[in-house]
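Using the working numbering, count along the sequence shown one by one with no gaps and you end on 202. For each residue, glycine too, the CB sits at the ideal point set by N, CA and C.
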Amino acid sequence: MKIIGSFLFIDLLSIFLILRIIYIALKEGLISEGIKVIGSWCALFFSLQYYPLLLGGFKSKILKREYLDFFSFFIIFGGSLLFFSLLRRIITTFVKRQNNTLIENVASFLLGVIRAGILLSAFVFSFSLLLPKENIFRGSLSLKAFYRLAPRIYLYSFGVYKKLYPQAKLNKEVGRNYEVKGDLSRSNQKGD
C-alpha cells in the first residue's frame, strides 16, 4: 500500500512516456530505434560533458547559474537529438523496414525501454540542475529510479571518450550533483 501512496502524477507521466516510446519502437522497427538509442545516449553524454561550458561564461543579472546550466543542457541535448533525428531519416530512406519478426520486435522493445530510460533520466537530471541542494524525489518512485541512470551513463561513456580523446576532462559537476542528490535520497529514506 505504501507504493501506491507514493505514486504521483509525475510517475503516471513517466509510465505513459515509457509506454509511448515502446509503442513507437515497435512500430518503427529495429534500425530506426537503434539510431534513436545511440542518439539519445550521445545527446545525454555530450550535454552532461559540456553544459557548464556553453553558457558558463555568460554573466547574467537576471538568470542564476542554475538556470544557465539548465538551458545549456537542453540546448546541447536538443541539438544532438536533432542531429541524430536527421541522420535517422536519411538512413531509413535508404533502408526500408521489412516484415516484423519476433526477434526484431523483441529487440525493438528492449531498445525502446533503454531509450525511455535515457530520456527520463536526462529529464530528471536536468531539473535537478535547477535545485542542486534540494531533493526533487520526495514521494516519487520514477524520479528515484531514473535519477542515477544519467550520471552512470555519463561516467561509463566518459571512460570510452577518454580513450578517444585523452585530453578530455571529466565534468566534476555531474559527480558532485550526483553525490549531493544521493545523500539527500538516502537521508530521506532513513527519515521516511
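query: Looking only at its own chain, which residues have a Cβ that is under 7 Å from the Cβ of isoleucine 45, when we skip the five neighbours before and after it?
result: Against the sequence shown, residue 45 aligns to sequence position 35. The residues are Phe94, Leu97, Arg98 and Ile101.
- prompt: Mapping DSSP to helix, strand and coil, what is proline 176?
  reply: Numbered from its first residue, the sequence shown carries residue 176 at position 166. In the structure shown, proline 176 sits in coil (DSSP, three-state: anything other than H, G, I, E or B).
task: Could you pull the start and end residues of the alpha helix (DSSP H) that tyrosine 49 belongs to?
output: In the sequence shown, the residue the question calls residue 49 occupies position 39. As written in the sequence, residue 49 is glycine, which differs from the tyrosine given in the question. Unbroken alpha helix (DSSP H) run through glycine 49: 40-64.
- request: Report yes or no: do the region 110-124 and the region 25-35 share at least 3 C-beta pairs separated by less than 8 Å?
  value: The region 110-124, when compared against the region 25-35, does touch it at the 8 Å Cβ threshold.
query: Beta-carbon separation of leucine 153 and glutamate 76 under 8 Å?
result: To locate residue 153, count along the sequence shown from 1; it is residue 143. To locate residue 76, count along the sequence shown from 1; it is residue 66. Going by C-beta atoms, leucine 153 is not nearer than 8 Å to glutamate 76.
- prompt: DSSP three-state call for lysine 71: helix, strand or coil?
  reply: The residue you call residue 71 lines up with position 61 of the sequence shown. Reduced to three states, the DSSP call for lysine 71 is coil.
message: Closest to leucine 159 by C-alpha separation, out of Phe68, Val105, Gly185 and Leu112, would be which residue?
response: Walking along the sequence shown from the start, residue 159 turns up at place 149. The shortest C-alpha to C-alpha distance from leucine 159 to any of Phe68, Val105, Gly185 and Leu112 is the one to Gly185.
task: Please state if the CB of leucine 78 and the CB of serine 70 are separated by a distance shorter than 8 Å.
output: As a working note, residue 70 is residue 60 in the sequence shown. As a working note, residue 78 is residue 68 in the sequence shown. Against a cut-off of 8 Å, the Cβ pair of leucine 78 and serine 70 comes out as a contact.
- request: Helix, strand or coil for threonine 111, going by three-state DSSP, please let me know.
  value: To locate residue 111, count along the sequence shown from 1; it is residue 101. The answer is coil: DSSP assigns threonine 111 none of H, G, I, E or B.
query: Once you ignore the five residues that flank cysteine 52 on each side, which residues in its own chain have a CB closer than 8 Å to its CB?
result: Position 42 of the sequence shown, counted from the first residue, corresponds to residue 52. Ser90 and Phe94, listed in sequence order.
Leucine 92 versus Leu54, Gly39 and Gln177, residue with shortest Cα-Cα distance: For the purposes of this step, residue 92 is identified with residue 82 of the sequence shown, where counting begins at 1. Nearest of Leu54, Gly39 and Gln177 to leucine 92, Cα basis: Leu54.
query: Once you ignore the five residues that flank phenylalanine 119 on each side, which residues in its own chain have a CB closer than 7 Å to its CB?
result: The count along the sequence shown starts at 1 and reaches residue 119 at position 109. Excluding sequence neighbours, phenylalanine 119 sits near Ile32, Ala35 and Leu36.
- request: Can you tell me the Cβ-Cβ gap for alanine 117 and leucine 29, rounded? I've got them flagged as a contact below 8 Å.
  value: For this step, residue 117 is matched to residue 107 along the sequence shown. For this step, residue 29 is matched to residue 19 along the sequence shown. About 18 Å; that fails the 8 Å criterion.
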